[in-house]
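Going down the list, the sequences are from chains A and B. If you're matching positions, the first sequence starts at 635 in the working numbering and goes up one per residue. If you're matching positions, the second sequence starts at 635 in the working numbering and goes up one per residue. To start, the structure under review is shown below, and the notes come after it.
There are 2 protein chains.
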Amino acid sequence: MTIEENRILLPKSELPASWYNVLPELPEPLGPYLGADQKPVEPSALAAIFPKALIEQEMSNQSIHPIPAPVLEALALWRPTPLIRAKRLEKALGVKSRIYFKDESVSPSGSHKSNTAMAQAYYNRQEGITRLTTETGAGQWGTALAIAAKHFGIDVRVFMVKISLTQKPYRKVIMNMMGAEVFPSPSEVTKAGRDALAKDPQALGTLGLAISEAVEEAASRPDTNYVLGSVLNHVILHQTVIGQEVQKQLALAGEKPDYLIACHGGGSNFGGLVAPYVPMIKSGEKITAIAAEPISCPTLTAGKFTYDAGDTAGFTPLMPMYSLGTDFQPPAIHAGGLRYHGASPIVSSLLKSGVIKAQAVTAEQVFKFAKLLANSEYIIAAPESAHALAVTCLKALELESLGQSACLVFTLSGHGLLDLSAYESAA
Amino acid sequence: MTIEENRILLPKSELPASWYNVLPELPEPLGPYLGADQKPVEPSALAAIFPKALIEQEMSNQSIHPIPAPVLEALALWRPTPLIRAKRLEKALGVKSRIYFKDESVSPSGSHKSNTAMAQAYYNRQEGITRLTTETGAGQWGTALAIAAKHFGIDVRVFMVKISLTQKPYRKVIMNMMGAEVFPSPSEVTKAGRDALAKDPQALGTLGLAISEAVEEAASRPDTNYVLGSVLNHVILHQTVIGQEVQKQLALAGEKPDYLIACHGGGSNFGGLVAPYVPMIKSGEKITAIAAEPISCPTLTAGKFTYDAGDTAGFTPLMPMYSLGTDFQPPAIHAGGLRYHGASPIVSSLLKSGVIKAQAVTAEQVFKFAKLLANSEYIIAAPESAHALAVTCLKALELESLGQSACLVFTLSGHGLLDLSAYESAA
Chain A
635 MTIEENRILL
645 PKSELPASWY
655 NVLPELPEPL
665 GPYLGADQKP
675 VEPSALAAIF
685 PKALIEQEMS
695 NQSIHPIPAP
705 VLEALALWRP
715 TPLIRAKRLE
725 KALGVKSRIY
735 FKDESVSPSG
745 SHKSNTAMAQ
755 AYYNRQEGIT
765 RLTTETGAGQ
775 WGTALAIAAK
785 HFGIDVRVFM
795 VKISLTQKPY
805 RKVIMNMMGA
815 EVFPSPSEVT
825 KAGRDALAKD
835 PQALGTLGLA
845 ISEAVEEAAS
855 RPDTNYVLGS
865 VLNHVILHQT
875 VIGQEVQKQL
885 ALAGEKPDYL
895 IACHGGGSNF
905 GGLVAPYVPM
915 IKSGEKITAI
925 AAEPISCPTL
935 TAGKFTYDAG
945 DTAGFTPLMP
955 MYSLGTDFQP
965 PAIHAGGLRY
975 HGASPIVSSL
985 LKSGVIKAQA
995 VTAEQVFKFA
1005 KLLANSEYII
1015 AAPESAHALA
1025 VTCLKALELE
1035 SLGQSACLVF
1045 TLSGHGLLDL
1055 SAYESAA
Chain B
635 MTIEENRILL
645 PKSELPASWY
655 NVLPELPEPL
665 GPYLGADQKP
675 VEPSALAAIF
685 PKALIEQEMS
695 NQSIHPIPAP
705 VLEALALWRP
715 TPLIRAKRLE
725 KALGVKSRIY
735 FKDESVSPSG
745 SHKSNTAMAQ
755 AYYNRQEGIT
765 RLTTETGAGQ
775 WGTALAIAAK
785 HFGIDVRVFM
795 VKISLTQKPY
805 RKVIMNMMGA
815 EVFPSPSEVT
825 KAGRDALAKD
835 PQALGTLGLA
845 ISEAVEEAAS
855 RPDTNYVLGS
865 VLNHVILHQT
875 VIGQEVQKQL
885 ALAGEKPDYL
895 IACHGGGSNF
905 GGLVAPYVPM
915 IKSGEKITAI
925 AAEPISCPTL
935 TAGKFTYDAG
945 DTAGFTPLMP
955 MYSLGTDFQP
965 PAIHAGGLRY
975 HGASPIVSSL
985 LKSGVIKAQA
995 VTAEQVFKFA
1005 KLLANSEYII
1015 AAPESAHALA
1025 VTCLKALELE
1035 SLGQSACLVF
1045 TLSGHGLLDL
1055 SAYESAA
């Protein structure tokens, strides 16, 4: 097998023409989003901050959603992304298992977040919106949205979790270069932010609070909508290009996956890889899908399945999901994208019904395998993606110790070139 | 033209099988390297710090040098690199000219430096060397060497110009992750470094001094050789894969270049693009090759053609080149790779004989067009590469104002994701 054969590339013509909606395939239908009054939220109530097209996707029972031409054209700037056989990593681990990774780091923002950013910017622009607000943790989502908004001609204001902004100041530089405004959250520009600062002027910030700030501002201005980079059903829908491409690429390689592994913060990266495989898993194919999360923010492995709000101030509807509670204050771990108290309702439902599994790893494990990847494949993984890498390597080593081997696929959801402060102590 | 057609890709089989040596094509033969005694340096005198194969390449009169199989295999990890038609940049500039860029940022180190790093690590390992020293400015070369040394199983010690290390601390994190040791230069571990610190404890460092430190250490240990990331003939030789690929890619696009533009620090990026075109330029084809440099370190545009040393302490031979003098202290400009007092003898010779041109640009121009590239192509260029971009854009605008258009090709020698401090004020 040559180096070239290690990279499984698809031509542009193989870019998926539609998104795959897993909602109709869930073993149990998702419970409705609830208002503060515990009554189901009407779609019209969401219209103050979301475009109609996305609200329809959020609640759709249609399996296939064609991708609009301008979004396809935007995705074609970098997609299809490579699927890479990590042969040097396998050798470094000393395993007979075949390890593949889907390289989402090649996008303009350096992560999978661009997949949904382009779609969301497009639909908002289509419905006359000229300004968007959002939150960002590690900054990958904010960067992706800044680029997508530039592409479709929309202004952007980003609320970035303060601890992440401090650790990764250069994400702000990129977002600014792309024309976006960036505020540390908690900020002084929203009531939610001011209230949080009044309570604790030193607050590190959380994704939950940053969402409150972004939603508050969007709800108060008719020209402004809110966009979210993860958690919601339509976001996972947009990310299914990942799993659909992986299916084609593994087929080209003559492989069937035994394990599908992705990190889990809000669920979009994991959902994007796994959703297209749900029908196969349900029909009995032996595919183990594992959501990798940090032991310090163990939403799926130690959270409670409940109705909870997506944000701290309670502006969002209550959603049926695993949650550590909106008051959960994760430590300042460096995988900023994995510091969320909640989880995607879709991923939560799949976990609850046993279709998928979840596994938590320590920072030590994450950094150890990130260094091994750097030393073997010459790639610096985002700390978030390194959680998926760590679970993959641990599984491959476990199989090896049992005299077994398998085909493992993980998502390299992003590169870590803007997250090197995270690796400073580990290097 | 679709987005796909904007990316001109070559299959692995089109990776150049040999390097192109421009030495026999120089209008005037290069003067010999001279010792401190003003007498020509014998090849044997270089053997203390260089492997024989590289010394032979340095002085070769052979036009074609086949690339050894293990180097080809290493290059195939990321080569051939894409040639990209920057249509959105053209639109943002409002020009009818066709602008292409050769994207060297896709290498494991994020820059063209990996091309020669792999070759030099290989030849050193072949001749039994187990340890290498080098200098680095912005850190791109140090990163490239750290990865190449890891690939071929060699230890590395990097002396990084102190001001660059301060501005770009994360380059050190990557080099450390790849297993290399990194010291700020001036350092305490060499006499050259200690002397410089005694003279000025606050010295920002220069490439010239960092070279002195690396050469001193290599000369004092038999297991250790010295490697240089630019300037020398064999380095330019290894970089000619760039220009050779561009020739094939432009032919595929049905284009002939009117302008070839690359930034110039030591000359390897510029030489790599332009050397394969020298026979055509000499034979009268209308191709204007322009070396882009910062107005604050104007080696080619304001330096003197002379015999000068490559380093501050005078450990290197005297070379015939444009130079600002070994005592030149460039300001702390953010394009660390362009802070060198000297220039490649090959590029110097080509400039002196009128085969190529040089142009200096201001930091303001560089940052303005870097932002335009970000906003149109969604790419963050290395500040070095942004010099080539700026010259390209200025030329396209000038042509437009004259009612003309042309085919302009520049090298995106690297991405700027680790250089964002440079853009902080400009963003």
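Where is the CB? At the ideal position from N, CA and C, for every residue including glycine. In this text the structure is predicted, and so the values were computed from the model without any measurement.
(message) Can you tell me whether residue 953 of chain B is helix, strand or coil according to DSSP?
(response) Residue 953 of chain B falls in the strand class under three-state DSSP.
(message) Nearest by alpha-carbon distance to residue 983 of chain A: which of A:651, A:663, A:644 is it?
(response) Comparing Cα positions, the closest option is A:663.
(request) Check whether the Cβ atoms of residue 986 of chain B and residue 958 of chain B lie closer than 9 Å to each other. (result) No, the pair does not count as a contact, with Cβ atoms beyond the cut-off.
(request) Measure the alpha-carbon distance for residue 702 of chain B versus residue 1044 of chain A and round it to whole angstroms. (result) Just so you know, the alpha carbons of residue 702 of chain B and residue 1044 of chain A end up roughly 34 Å apart.
(request) With 9 Å as the threshold, decide whether the Cβ of residue 794 of chain A is near any Cβ in chain B. (result) Not an interface residue.
(request) Just the C-alpha distance for residue 842 of chain A and residue 946 of chain A, rounded to the nearest angstrom, thanks. (result) Straight through space, the alpha carbons of residue 946 of chain A and residue 842 of chain A are spaced by roughly 5 Å.
(request) Return the chain-ordered list of same chain residues with a C-beta closer than 7 Å to the C-beta of residue 989 of chain B, the five sequence neighbours on each side being excluded. (result) Cβ contact annotation for residue 989 of chain B (same chain, cutoff 7 Å, sequence separation greater than five): 661, 912, 915, 916, in chain order.
(message) Any beta carbon from chain B within less than 9 Å of residue 813 of chain A's own beta carbon?
(response) At least one CB of chain B lies nearer than 9 Å to the CB of residue 813 of chain A.
(request) Determine the extent of the beta strand (DSSP E) in which residue 962 of chain B is found, giving its start and end residues. (result) Per DSSP, residue 962 of chain B belongs to no beta strand (DSSP E) and is neither H nor E.
(request) Determine whether the Cβ of residue 701 of chain A lies closer than 9 Å to any Cβ atom of chain B. (result) Output row for residue 701 of chain A: interface = no.
(request) Taking residue 952 of chain A and residue 668 of chain A to be in contact with their CB atoms under 8 Å, please state how far apart those CB atoms are, rounded to whole angstroms. (result) About 4 Å; that satisfies the 8 Å criterion.
(message) 9 Å is my cut-off, CB to CB: does residue 636 of chain A come that close to chain B?
(response) Interpretation of residue 636 of chain A is limited by its pLDDT of 39, a score under 50 that renders its predicted location unreliable; the figure taken from the coordinates is listed afterwards. Yes, its Cβ sits closer than 9 Å to a Cβ of chain B.
(message) Would residue 1009 of chain B pass as an interface residue toward chain A - the criterion being a Cβ-Cβ separation below 9 Å?
(response) It does: the Cβ of residue 1009 of chain B has a partner Cβ on chain A nearer than 9 Å.
(message) For a quick check, are the C-beta atoms of residue 687 of chain A and residue 757 of chain A less than 9 Å apart?
(response) Yes; because the gap between Cβ atoms is below 9 Å, this pair is in contact.
(message) Which residue wins for smallest C-alpha separation from residue 674 of chain A, given the options A:950, A:1008, A:1034?
(response) The shortest C-alpha to C-alpha distance from residue 674 of chain A to any of A:950, A:1008, A:1034 is the one to A:950.
(message) If you reduce the DSSP assignment to three classes, tell me which class residue 761 of chain B lands in.
(response) Annotated three-state conformation of residue 761 of chain B is coil, per DSSP.
(request) Hey, could you find the ends of the beta strand (DSSP E) residue 814 of chain B is sitting in? (result) It is not in any beta strand (DSSP E) - residue 814 of chain B carries neither H nor E in the DSSP assignment.
(request) Give the straight-line distance between the Cα atoms of residue 671 of chain B and residue 850 of chain B, rounded to the nearest whole angstrom. (result) C-alpha separation (whole angstroms): 19 Å.
(message) If distances are taken between C-alpha atoms only, which option among A:706, A:934, A:972, A:1006 comes closest to residue 1024 of chain A?
(response) Its Cα nearest to that of residue 1024 of chain A, the residue A:1006 stands out among A:706, A:934, A:972, A:1006.
(request) Have a look at the DSSP bridge pairing and note the partners of residue 699 of chain A. (result) According to DSSP, residue pairing for residue 699 of chain A in a beta bridge involves A:653.
(message) Assuming residue 875 of chain B and residue 713 of chain B are in contact, meaning their beta carbons sit under 8 Å apart, how far apart are those beta carbons, in whole angstroms?
(response) The pair is a contact, with the Cβ atoms about 6 Å apart (cut-off 8 Å).
(message) In whole angstroms, give me the CA-to-CA distance for residue 896 of chain B and residue 993 of chain B.
(response) In a straight line, the C-alpha of residue 896 of chain B is about 10 Å away from that of residue 993 of chain B.
(request) Answer with buried or exposed for residue 999 of chain A, where buried requires no fewer than 16 other C-beta atoms within 10 angstroms of its C-beta. (result) With at least 16 other beta carbons inside 10 angstroms of its own, residue 999 of chain A counts as buried.
(message) Assuming the contact rule is C-beta atoms closer than 8 Å, residue 720 of chain B and residue 1009 of chain B should be a hit. Round their C-beta distance to whole Å, please.
(response) Taking 8 Å as the upper bound for CB-CB distance, residue 720 of chain B and residue 1009 of chain B are not in contact here, some 12 Å apart.
(request) Would you check if there are 3 or more beta carbon pairs closer than 8 Å linking the region 1027-1035 of chain A to the region 639-658 of chain B? (result) No: the two stretches stay apart, fewer than three of their Cβ pairs being nearer than 8 Å.
(request) Please report the residue range of the beta strand (DSSP E) in which residue 896 of chain A lies. (result) That run of the beta strand (DSSP E) goes 893-897.
(request) Mark residue 973 of chain A as exposed unless 16 or more other C-beta atoms lie within 10 angstroms of its C-beta, in which case mark it buried. (result) Here residue 973 of chain A is buried. Its C-beta has 16 or more other C-beta atoms within 10 Å.
(request) Given a cut-off of 9 Å, decide if residue 1020 of chain B and residue 1004 of chain B are closer than it, judged by their beta-carbon atoms. (result) For the pair residue 1004 of chain B and residue 1020 of chain B, the CB atoms are nearer than the 9 Å cut-off.
(request) Kindly identify the DSSP beta-bridge partner or partners of residue 991 of chain B. (result) Beta-bridge pairing links residue 991 of chain B to B:924.
(message) Taking its Cβ as the centre, do 16 or more other Cβ atoms sit within 10 Å of residue 976 of chain B, making it buried, or is it exposed?
(response) Label assigned to residue 976 of chain B: buried.
(request) Please classify residue 911 of chain B: does DSSP put it in a helix, a strand, or coil? (result) Looking at residue 911 of chain B - three-state DSSP - the assignment turns out to be helix.
(request) Take every Cβ of the region 759-779 of chain B, pair it with every Cβ of the region 849-864 of chain B, and state whether three or more of those distances are shorter than 8 Å. (result) Yes, the region 759-779 of chain B touches the region 849-864 of chain B.
(message) Excluding the 5 residues flanking residue 781 of chain A on each side, which residues of the same chain have their C-beta closer than 8 Å to its C-beta?
(response) Counting only Cβ-Cβ distances below 8 Å, and skipping sequence neighbours, we find 742, 743, 748, 751, 812.
(request) For residue 1058 of chain A, return the contacting residues in chain B, with the cut-off set at a CB-CB distance below 7 Å. (result) Ordered by position in chain B, the residues that pass the 7 Å Cβ test against residue 1058 of chain A are 807.
(request) Give the residues of chain B in contact with residue 725 of chain A, contact being defined as C-beta atoms less than 8 Å apart. (result) Those within 8 Å of residue 725 of chain A in chain B number zero; the least Cβ separation is about 13 Å.
(request) Report yes or no: is there a C-beta of chain A within less than 9 Å of the C-beta of residue 744 of chain B? (result) Taking 9 Å as the threshold, the shortest C-beta distance from residue 744 of chain B to chain A falls below it.
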